[in-house]
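Engineer:
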Amino acid sequence: MENDITKGGKVIVFQLQDEEYALSVEQVGAIEKMQTITRVPHSSKFVKGVINLRGVVTPIIDLRLRFGMEETAVSESTRIIIVTLPDMEVGLIVDAANDIIDIPAEMIEQPPAAIGSIDIDYIEGVTKHNDRLIVLLNLQKVLKMEANESLIFMED
Numbered sequence: 001m002e003n004d005i006t007k008g009g010k011v012i013v014f015q016l017q018d019e020e021y022a023l024s025v026e027q028v029g030a031i032e033k034m035q036t037i038t039r040v041p042h043s044s045k046f047v048k049g050v051i052n053l054r055g056v057v058t059p060i061i062d063l064r065l066r067f068g069m070e071e072t073a074v075s076e077s078t079r080i081i082i083v084t085l086p087d088m089e090v091g092l093i094v095d096a097a098n099d100i101i102d103i104p105a106e107m108i109e110q111p112p113a114a115i116g117s118i119d120i121d122y123i124e125g126v127t128k129h130n131d132r133l134i135v136l137l138n139l140q141k142v143l144k145m146e147a148n149e150s151l152i153f154m155e156d
């Protein structure tokens with residue numbers, strides 16, 4: 001998963017609220033339609049539960065909740081982006097997965113001090129594509145839990 005998105009390359013663009021975000025295609029294993037999620041007791045609020053994805057139990061995180069956004073109802077365009085970590089896969093619920101684009105490294109800028117509604121620590125950079133601002137995420141920081149949390153379970 002050690003992929004530096006700021007070096008440019010192909011990215012998957014997805015939407016949360018009215019903002020667009022991107023992850024490197026190298027970090028993405030699949031994009032799935034929304035499916036039934038089994039809730040896990042005592043998990044963090046943003047951990048929606050787990051799904052059985054081709055025989056593998058996969059934790060699912062709602063990126064809206066992870067970023068402190070308001071939860072929204074599932075729609076026809078809601079997707080689960082499956083990202084590949086060294087020791088497991090994790091699903092990220094997004095409002096829509098829009099497209100795959102190629103971003104040259106020279107088009108990537110440092111993030112401004114305040115952008116949108118998410119923590120600046122989660123942002124690796126920003127770029128413009130067809131007059132749209134796209135926020136490039138640092139997947140490691142997005143998935144990093146507090147010191148006393150594991151990905152799924154949280155002590156009460």
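Okay, so the sequence shown: first residue is 1 according to UniProt numbering, each after it adds one.
All C-beta atoms, glycine included, are put in the ideal place defined by N, C-alpha and C.
Computed from a prediction, not measured in an experiment: that's the story for all the values here.
Helix, strand or coil for Val-28 per DSSP?
Structural biologist: strand
Engineer: Quick check: Ile-31 and Gly-49, are their CB atoms within less than 8 angstroms of each other?
Structural biologist: Between Ile-31 and Gly-49, the C-beta spacing is not below 8 angstroms.
Engineer: If you draw a straight line from the alpha carbon of Glu-124 to that of Asp-87, how long is it in whole angstroms?
Structural biologist: 23 angstroms
Engineer: Can you list, in chain order, the residues of its chain whose CB lies under 6 angstroms from that of Ile-5, leaving out five sequence neighbours each side?
Structural biologist: Cβ neighbours of Ile-5 beyond the five flanking positions: Ser-24, Glu-124, Leu-136.
Engineer: What are the uninterrupted segments assigned as alpha helix (DSSP H) that are 4 or more residues long and contained completely in the UniProt domain "CheW-like" (8-148), given in chain order?
Structural biologist: 63-66, 139-143
Engineer: Pick from Asp-121, Gly-9, Leu-63, Val-90: whose alpha carbon is nearest that of Val-74?
Structural biologist: Leu-63
Engineer: Alpha carbon to alpha carbon, how far is Lys-128 from Ala-105?
Structural biologist: 12 angstroms
Engineer: Hey, Val-94 and Gln-27: beta-carbon distance below 8 angstroms or not?
Structural biologist: no
Engineer: Can you tell me the Cα-Cα spacing of Leu-85 and Gln-17, whole angstroms?
Structural biologist: 26 angstroms
Engineer: Hey, how far is the Cα of Ile-103 from the Cα of Gln-110?
Structural biologist: 14 angstroms
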